[in-house]
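Each residue of the sequence shown is one higher than the one before, starting from 7 at the first, in this note's numbering.
Cβ coordinates follow ideal geometry from the N, Cα and C atoms, glycine included.
Nothing here was measured: the structure is a model prediction, and the numbers come from that model.
One structure is given below, encoded as structure tokens.
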Amino acid sequence: MKKILFPLIFSLLTLPIFSQSLQDNLEAEPTEVAEVTETAEKSLIEKGVYENVNKFLVFEENDILQGKNTEKGIAETVKIYYGFFYDGQFQIEKDPEPITAATLNNGLYLEYYAKSEKSIFPKGYEPLSENQGYFLPASNMTDIALSPARRLEKLYGYLVLPQNQAESEVGNEAENQTENQEIIYKIEYWLTDQEYQEALAYFYLEKGNEESKVQLEKYIQIGSYVYTCTVGRRTLIRNPQRIQNLPENQVFNEDFSLMAFGDPNFIKSTEFEGYESLQDEIEKHNAIINPPRFAVRPIKEPSIYKFLEEMEIK
7 MKKILFPLIF SLLTLPIFSQ SLQDNLEAEP TEVAEVTETA EKSLIEKGVY ENVNKFLVFE
67 ENDILQGKNT EKGIAETVKI YYGFFYDGQF QIEKDPEPIT AATLNNGLYL EYYAKSEKSI
127 FPKGYEPLSE NQGYFLPASN MTDIALSPAR RLEKLYGYLV LPQNQAESEV GNEAENQTEN
187 QEIIYKIEYW LTDQEYQEAL AYFYLEKGNE ESKVQLEKYI QIGSYVYTCT VGRRTLIRNP
247 QRIQNLPENQ VFNEDFSLMA FGDPNFIKST EFEGYESLQD EIEKHNAIIN PPRFAVRPIK
307 EPSIYKFLEE MEIK
């Protein structure tokens with residue numbers, strides 16, 4: 007209960023402080039545009055209003071959609087008191103790191119993967135379908151909020167390749183083969199202080215077989231964060247984990263260059279187009295006076311109280 011009450015009380019206390027309207031924010035002096043790294047030159051977020059059970063997010067053209075945090079930025083509206091009240095629209099604090107999210111099937115995903123164009127696969131294991139290949143982690147965000155979000159220290163890539171017929175002929179155990187005859191590996195990347203380089207690391211799909219060598223990106227750069235899958239200057243991938251299946255409910259974009267799993271973090275709204283339309287809805291929603299809640303069953307005083315009252319009267 008304390009965990010629920012605290013954010014509600016905090017919102018009440020801070021609301022007068024942050025009651026400045028969105029229009030005031032837009033008319034403020036332009037701020038310096040944050041520098042964008044080569045890995046985040048173009049945003050994958052479609053213009054529009056997104057929402058989940060806790061908040062609305064507004065992405066407008068010519069700001070975050072260009073891969074930059076400008077003076078306009080993103081507006082956030084928090085649904086407090088279990089959705090009975092919509093807070094005003096507030097500009098999200100400028101983050102020196104890029105907003106890494108992607109719109110897939112009208113959903114906004116904070117965790118998504120981009121298909122690699124530099125990986126090298128051994129002969130006989132080349133991808134046969136568009137949903138196969140190596141999918142690199144493309145985001146390290148945990149949330150989109152008023153304050154800059156915490157970035158993840160560990161990320162995972164997914165290697166999906168067809169089953170090589172020769173692998174069965176050499177006598178591999180059946181439990182190592184997935185039902186759909188695909189080879190799937192989960193590759194771990196962790197935060198490093200090394201500089202980003204375009205380099206490849208490797209491991210063997212078949213132990214001791216040089217011809218089964220697969221080469222994947224050694225480093226990943228997201229904003230100013232650099233991740234690696236090897237120890238130090240080594241080029242051997244550390245502990246590639248073979249798994250039976252990918253996480254459930256895979257989602258792809260039209261050309262299968264992006265992949266995500268499960269439900270999106272936010273759903274794109276079909277009712278609102280931008281700041282103005284959402285602001286109208288906020289005012290309309292907050293004008294609703296909710297009736298008081300009554301008990302389903304009538305409350306009766308315990309008979310002992312009535313008995314004592316009658317005793318006092320006598």
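Which same chain residues, not among the five before or five after PRO143, have their C-beta less than 7 Å away from its C-beta?
TYR119, LEU161, TYR162, GLY163, TYR195 and ILE226
Nearest neighbour of PRO104, chosen from PHE262, ILE150 and LYS85 [CA to CA]:
ILE150
Exposure label - ASP93; buried when at least 16 CB within 10 Å
buried
Do you know whose CA, among GLU217, ASN112 and PHE141, lies nearest LYS53's CA?
ASN112
Which one of TYR233, PHE62 and ASN251 has the shortest CA to CA distance from ARG157?
TYR233
CA-to-CA distance, PHE91 to HIS291, given in whole angstroms
7 Å
Between the alpha carbons of SER230 and PRO102, how many angstroms are there, rounded?
9 Å
Write down the C-beta distance between GLU188 and GLN169 rounded to the nearest angstrom, noting that I regard them as a contact closer than 8 Å.
6 Å
Could you tell me the boundaries of the alpha helix (DSSP H) in which TYR131 lies?
Taken as a continuous stretch (DSSP letters only), TYR131 belongs to no alpha helix (DSSP H), as it is neither H nor E.
Between GLY130, ASP261, ILE294 and PRO154, which lies nearest to GLU217 when the distance is taken from Cα to Cα?
GLY130
Taking 7 Å as the limit between beta carbons, can you name the residues of its chain near GLU117, skipping five residues before and five after?
SER145 and ALA266
Comparing the CB of GLN200 with every heavy atom of the ligand PLP, is any distance shorter than 6 Å?
With respect to the ligand PLP, the structure offers nothing, as it holds no ligand at all.
Mapping DSSP to helix, strand and coil, what is TYR281?
helix
Cβ contact check for the segment 207 to 223 and the segment 249 to 259: 3 or more pairs under 8 Å
no
Relative to the alpha-carbon of ALA205, which residue among GLU57, LYS124, LYS274 and PRO246 has its alpha-carbon at the smallest distance?
LYS124
Leaving aside the five residues before and after GLY89 along the sequence, list all residues of the same chain whose C-beta is less than 8 Å from its C-beta, in chain order.
VAL59
First and last residue of the uninterrupted beta strand (DSSP E) at TYR202
Unbroken run through TYR202: none, as it is neither H nor E.
Pick helix, strand or coil for GLU188, following the three-state DSSP scheme.
strand
Beta-carbon proximity of CYS235 to ILE193, cut-off 7 Å:
yes
Same chain, Cβ closer than 8 Å to ILE273, five either side skipped, listed in chain order
TYR56, GLU57, ASN58, ASN112, GLY113 and LEU114
If we ignore side chains and look at the alpha-carbon of each, how far apart do VAL220 and GLN95 end up?
49 Å
Given GLU289 as reference, the closest of GLU66, THR83 and LEU50 once Cα atoms are compared:
THR83
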